[in-house]
Amino acid sequence: MTKELEGAGSGTVTHPKDYHDPPPAPLFDPAELSKWSFYRAVIAEFVATLLFLYVTVLSVIGYKTQIDPTLNGSECGGVGFLGIAWAFGGMIFVLVYCTAGISGGHINPAVTFGLFLARKVSLIRAIAYMVAQCLGAICGCGLVKAFQKSHYNRYGGGANTLSTGYSKGTGLGAEIVGTFVLVYTVFSATDPKRNARDSHVPVLAPLPIGFAVFVVHLATIPVTGTGINPARSFGAAVMYNNEKAWDDHWIFWVGPFVGAAIAAIYHQYVLRAHGAKALGSFRSSSHL
7 MTKELEGAGS GTVTHPKDYH DPPPAPLFDP AELSKWSFYR AVIAEFVATL LFLYVTVLSV
67 IGYKTQIDPT LNGSECGGVG FLGIAWAFGG MIFVLVYCTA GISGGHINPA VTFGLFLARK
127 VSLIRAIAYM VAQCLGAICG CGLVKAFQKS HYNRYGGGAN TLSTGYSKGT GLGAEIVGTF
187 VLVYTVFSAT DPKRNARDSH VPVLAPLPIG FAVFVVHLAT IPVTGTGINP ARSFGAAVMY
247 NNEKAWDDHW IFWVGPFVGA AIAAIYHQYV LRAHGAKALG SFRSSSHL
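In this note's numbering, the protein residues as written are 7 to 294.
What follows is the structure in structure tokens.
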């Protein structure tokens with residue numbers, strides 16, 4: 007099979023193109039509803055988000071138990087913010103690795119929203135994924151609450167809240183920037199050019215995505231507890247169902263969706279220059 011040539015038929019110098027940009031996903035694709043692969047992907051998103059919330063929220067509750075002075079705990083006795091960040095980043099790495107070939111391994115409505123804006127998934131699939139992710143998050147937190155009800159209610163249910171001393175604007179900004187880092191990493195790690203260049207390293211995509219979640223948690227746990235995933239925040243808030251958990255809950259939806267949108271626009275129309283290519287105004291250099 008011959009490689010696709012850039013600039014073919016335009017009178018310009020051609021260069022081998024060893025990757026293929028998939029065509030944009032249709033906005034509406036009712037045919038998906040008749041395919042088992044669609045429902046299999048939705049189930050995979052549900053189960054992955056359930057497992058994600060189960061492990062991570064249980065880690066948060068366990069950490070707070072370890073440092074509770076009434077239980078003879080100490081600040082040095084728990085896993086700390088570093089351990090919590092590893093729990094979140096490590097689980098994303100594992101789950102993206104497991105589900106990438108089935109559903110794409112979104113496990114986050116903000117990631118799904120960003121990929122939808124970039125026309126990587128259809129509207130029907132995006133909505134189905136988001137619903138499955140939110141339901142999975144509720145069930146994951148429900149398992150934690152069922153196993154450790156007294157600890158769950160006592161230590162806040164792992165719900166995201168704005169920390170004392172920070173304004174709503176600061177919390178919103180932290181969620182926007184944090185989600186931008188995550189979704190930008192997702193686009194970069196799954197870019198067809200990178201996949202072609204690094205195809206000999208199959209674990210490469212899940213690894214930077216997991217690390218992105220890890221480093222963002224290190225930076226923003228003190229501010230908002232780190233949402234960057236509306237399903238994670240929603241599931242914990244529903245199961246904890248405390249007024250404090252709902253007070254600034256909008257931050258954990260607006261921030262991630264805005265951050266995801268900015269990341270999608272930046273990657274697709276600035277780095278990949280898709281809009282300019284469509285207009286034929288210029289052609290990117292072959293080495294980009």
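The C-beta atom is built at its ideal place from N, Cα and C for all residues, glycine as well. It should be emphasised that the depicted structure is a prediction, and the values quoted were computed from it without experimental measurement.
Residue burial classification, residue i (beta-carbon count within 10 angstroms, cutoff 16)
{"i": "Ser239", "result": "buried"}
{"i": "Val276", "result": "exposed"}
{"i": "Gly216", "result": "buried"}
{"i": "Leu129", "result": "exposed"}
{"i": "Lys174", "result": "exposed"}
{"i": "Lys151", "result": "buried"}
{"i": "Ser109", "result": "buried"}
{"i": "Ala124", "result": "buried"}
{"i": "Ala37", "result": "exposed"}
{"i": "Glu249", "result": "exposed"}
Straight-line Cα distance separating residue j from residue i
{"i": "Gly164", "j": "Pro29", "result": "40 Å"}
{"i": "Met97", "j": "Phe153", "result": "20 Å"}
{"i": "Ile67", "j": "His273", "result": "36 Å"}
{"i": "Asp74", "j": "Ser156", "result": "14 Å"}
{"i": "Ala47", "j": "Gly111", "result": "9 Å"}
{"i": "Val260", "j": "Leu178", "result": "8 Å"}
{"i": "Leu39", "j": "Ala106", "result": "20 Å"}
{"i": "His293", "j": "Thr170", "result": "The predicted model places His293 with a pLDDT of 49, which falls under 50 and marks its position as unreliable; any figure quoted below should be read in that light. Answer to the nearest angstrom: the Cα atoms are 48 Å apart."}
{"i": "Tyr45", "j": "Ala138", "result": "10 Å"}
{"i": "Gly146", "j": "Thr232", "result": "18 Å"}
{"i": "Thr18", "j": "Lys199", "result": "Caution applies to Thr18, whose pLDDT of 49 falls short of 50 and renders its modelled position unreliable; the value that the coordinates give is listed next. Distance between the alpha carbons of Thr18 and Lys199: 21 Å."}
{"i": "Lys126", "j": "Leu56", "result": "24 Å"}
{"i": "Glu181", "j": "Ala270", "result": "16 Å"}
{"i": "Ile257", "j": "Phe220", "result": "20 Å"}
{"i": "Gly142", "j": "Pro214", "result": "24 Å"}
{"i": "Leu224", "j": "Ala31", "result": "35 Å"}
Residue of the options minimising C-alpha distance to residue i
{"i": "Leu64", "options": "Gly179, Phe94, Ala138, Gln274", "result": "Phe94"}
{"i": "Ala266", "options": "Leu57, Thr226, Ala242, Gly184", "result": "Gly184"}
{"i": "Thr76", "options": "Pro212, Val102, Tyr161", "result": "Tyr161"}
{"i": "Ala211", "options": "Ala116, Trp256, Leu101", "result": "Leu101"}
{"i": "Val244", "options": "Val221, Ile234, Gly148", "result": "Gly148"}
{"i": "Gly241", "options": "Phe58, Phe193, Tyr190", "result": "Phe58"}
{"i": "Ile144", "options": "Ile268, Phe34, Glu51", "result": "Glu51"}
Supposed close pair residue i, residue j - CB separation, criterion 8 Å
{"i": "Ile133", "j": "Ile227", "result": "So it is not a contact: roughly 30 Å between Cβ atoms."}
{"i": "Asn166", "j": "Thr62", "result": "No, Asn166 and Thr62 are not in contact; Cβ-Cβ is about 12 Å, not under 8 Å."}
Alpha helix (DSSP H) runs wholly inside the region 83–139, at least 4 long, in chain order: 86–105, 115–123
Completely contained beta strand (DSSP E) runs for the region 137–175, where each covers 3 or more residues: none
What are the uninterrupted segments assigned as alpha helix (DSSP H) that are 4 or more residues long and contained completely in the region 24–77, given in chain order? 42–72
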